[in-house]
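Q:
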Amino acid sequence: MSTATTRIVSVADNWGGYAVVNDAPELACEAVVGHVLWEFVSDHETREIYRELIWRSFSGHAVKFYIRNDSPDQRRTAKLKIRRTLDGNVEFSIQTIGIVPLPLQELLRRRKRHAAGNVTECSFCNKIQTGPSEWLEVEDAVGKLRLFGQKLLPDLLQGVCPPCHRRLDAKLAERRQLVA
Numbered sequence: 017m018s019t020a021t022t023r024i025v026s027v028a029d030n031w032g033g034y035a036v037v038n039d040a041p042e043l044a045c046e047a048v049v050g051h052v053l054w055e056f057v058s059d060h061e062t063r064e065i066y067r068e069l070i071w072r073s074f075s076g077h078a079v080k081f082y083i084r085n086d087s088p089d090q091r092r093t094a095k096l097k098i099r100r101t102l103d104g105n106v107e108f109s110i111q112t113i114g115i116v117p118l119p120l121q122e123l124l125r126r127r128k129r130h131a132a133g134n135v136t137e138c139s140f141c142n143k144i145q146t147g148p149s150e151w152l153e154v155e156d157a158v159g160k161l162r163l164f165g166q167k168l169l170p171d172l173l174q175g176v177c178p179p180c181h182r183r184l185d186a187k188l189a190e191r192r193q194l195v196a
């Protein structure tokens with residue numbers, strides 16, 4: 017990614033296949049390369065966290081943390097690394113470190129929805145907000161929100177749950193100490 021514009025300059029060789037398998041063919045290589053990263057990050061809070069993480073990567077130390085990148089039928093834990101490259105760009109690399117099969121979760125499928133309302137999914141741990149301070153795994157959230165068997169499901173909005181926000185704030189504080 018070009019740091020001057022936060023434009024995506026390349027993706028991994030397996031990106032296109034990954035997008036298709038994850039029910040997001042509209043995010044295949046040709047659809048993202050050349051575009052600004054922020055076109056694909058829907059909420060302000062997540063954008064600000066990633067901006068800070070990218071900025072911190074310029075200290076010369078890679079920023080590393082764990083995230084979830086679930087699909088409708090898998091819970092995936094991964095290590096995300098953000099680092100500055102020798103040519104001055106920023107590289108995001110992700111290494112999947114654990115996969116747990118799930119029954120198909122319709123709420124996580126990428127498709128047009130027409131139900132009234134929406135629910136918020138954490139951009140970092142994929143938990144779903146079910147109350148003012150409650151975030152649950154998708155299969156538990158579906159039950160709590162009484163979505164099981166519904167033909168029309170709410171739209172998913174992206175956000176950041178309080179535990180992930182605290183964890184990422186701590187990670188950024190570590191970076192500040194390294195830079196200072």
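Once you know that position 90 of the sequence shown is 106 in this note's numbering, the rest is easy, because the numbers rise by one and skip nothing. Cβ coordinates follow ideal geometry from the N, Cα and C atoms, glycine included. Keep in mind that this is a model prediction, so the values were computed, not measured.
From Ser75, Thr112 and Glu150, pick the residue whose C-alpha is nearest to that of Gly104; which is it?
A: As a working mapping, residue 104 is identified with position 88 in the sequence shown. It is Ser75.
Q: Out of Thr136, Arg23, Cys45 and Ser26, point me to the one whose CA is closest to Gly33's CA.
A: Residue numbering aside, residue 33 sits at position 17 when the sequence shown is read from its first letter. Nearest option by C-alpha distance: Cys45.
Q: Within 10 Å of its beta-carbon, does Ile113 have 16 or more other beta-carbons around it, so buried, or fewer, so exposed?
A: What you label residue 113 is simply residue 97 of the sequence shown in a count that begins at 1. With fewer than 16 Cβ atoms within 10 Å of its Cβ, Ile113 is classed as exposed.
Q: Looking only at its own chain, which residues have a Cβ that is under 7 Å from the Cβ of Leu163, when we skip the five neighbours before and after it?
A: Here residue 163 refers to the residue found at position 147 when the sequence shown is read from its first residue. Excluding sequence neighbours, Leu163 sits near Leu123 and Leu169.
Q: Indicate whether the contact test is met: 3 or more Cβ pairs, each with one atom in the stretch 141 to 154 and one in the stretch 57 to 73, closer than 8 Å.
A: With the cut-off at 8 Å, the stretch 141 to 154 and the stretch 57 to 73 do not touch.
Q: In chain order, what residues of the same chain have a beta carbon less than 7 Å from the beta carbon of Ala78, not counting five sequence neighbours either side?
A: Looking up residue 78 in the sequence shown gives position 62. Excluding sequence neighbours, Ala78 sits near Lys97, Ile98 and Arg99.
Q: Buried or exposed for Gly175, going by 16 or more other Cβ atoms inside 10 Å?
A: Position 159 of the sequence shown, counted from the first residue, corresponds to residue 175. By the neighbour-count rule (16 or more Cβ atoms within 10 Å), Gly175 is buried.
Q: Leaving aside the five residues before and after Ala35 along the sequence, list all residues of the same chain whose C-beta is less than 7 Å from its C-beta, in chain order.
A: As a first step, residue 35 must be located in the sequence shown, where it is residue number 19. Contacts found: Pro41, Leu43 and Ala44.
Q: Whole angstroms are fine: how far does the CA of Lys160 sit from the CA of Ser109?
A: Locating residue 109 in the sequence shown gives position 93, where the first residue counts as 1. Locating residue 160 in the sequence shown gives position 144, where the first residue counts as 1. Rounded to whole angstroms, Ser109 to Lys160 spans 34 Å at the Cα level.
Q: Should Thr136 be labelled buried (16 or more other beta-carbon atoms within 10 Å of its own) or exposed?
A: By 1-based counting over the sequence shown, the position of residue 136 is 120. Per the 10 Å Cβ criterion, buried.
Q: Could you check how far apart the C-beta atoms of Asp39 and Leu173 are, in whole angstroms? I think they sit under 8 Å.
A: Against the sequence shown, residue 39 aligns to sequence position 23. Against the sequence shown, residue 173 aligns to sequence position 157. That belief does not hold up - the Cβ atoms of Asp39 and Leu173 are roughly 18 Å apart, past 8 Å.
Q: Which same chain residues, not among the five before or five after Gln111, have their C-beta less than 7 Å away from its C-beta?
A: The residue given as residue 111 occupies position 95 in the sequence shown. Excluding sequence neighbours, Gln111 sits near Ala94 and Lys95.
Q: Can you check whether the CB of Glu155 is closer than 8 Å to the CB of Gln121?
A: As a working note, residue 121 is residue 105 in the sequence shown. As a working note, residue 155 is residue 139 in the sequence shown. Cβ distance < 8 Å, so Gln121 and Glu155 count as in contact.
Q: What residue does the alpha helix (DSSP H) around Ala47 start on, and which one ends it?
A: Looking up residue 47 in the sequence shown gives position 31. It spans Cys45 to Val48 - the alpha helix (DSSP H) in which Ala47 sits, taken as one unbroken run.
Q: In three-state terms, what does DSSP make of Ala94?
A: Position 78 of the sequence shown, counting from 1, holds the residue named residue 94. Ala94: strand per DSSP, three-state reduction.
Q: So which of Ala131, Pro88, Leu188 and Arg72 has the shortest CA-CA distance to Pro117?
A: Residue numbering aside, residue 117 sits at position 101 when the sequence shown is read from its first letter. For Pro117, the nearest C-alpha among the options comes from Pro88.
Q: Under the three-state reduction of DSSP, which class applies to Thr22: helix, strand or coil?
A: Numbered from 1 along the sequence shown, position 6 holds the residue referred to as residue 22. Reduced to three states, the DSSP call for Thr22 is coil.
Q: Considering just the uninterrupted stretch of the beta strand (DSSP E) at Leu172, what are its terminal residues?
A: Residue 172 sits at position 156 when you count from the first residue of the sequence shown. Leu172 -> beta strand (DSSP E) spans Asp171 to Gly175.
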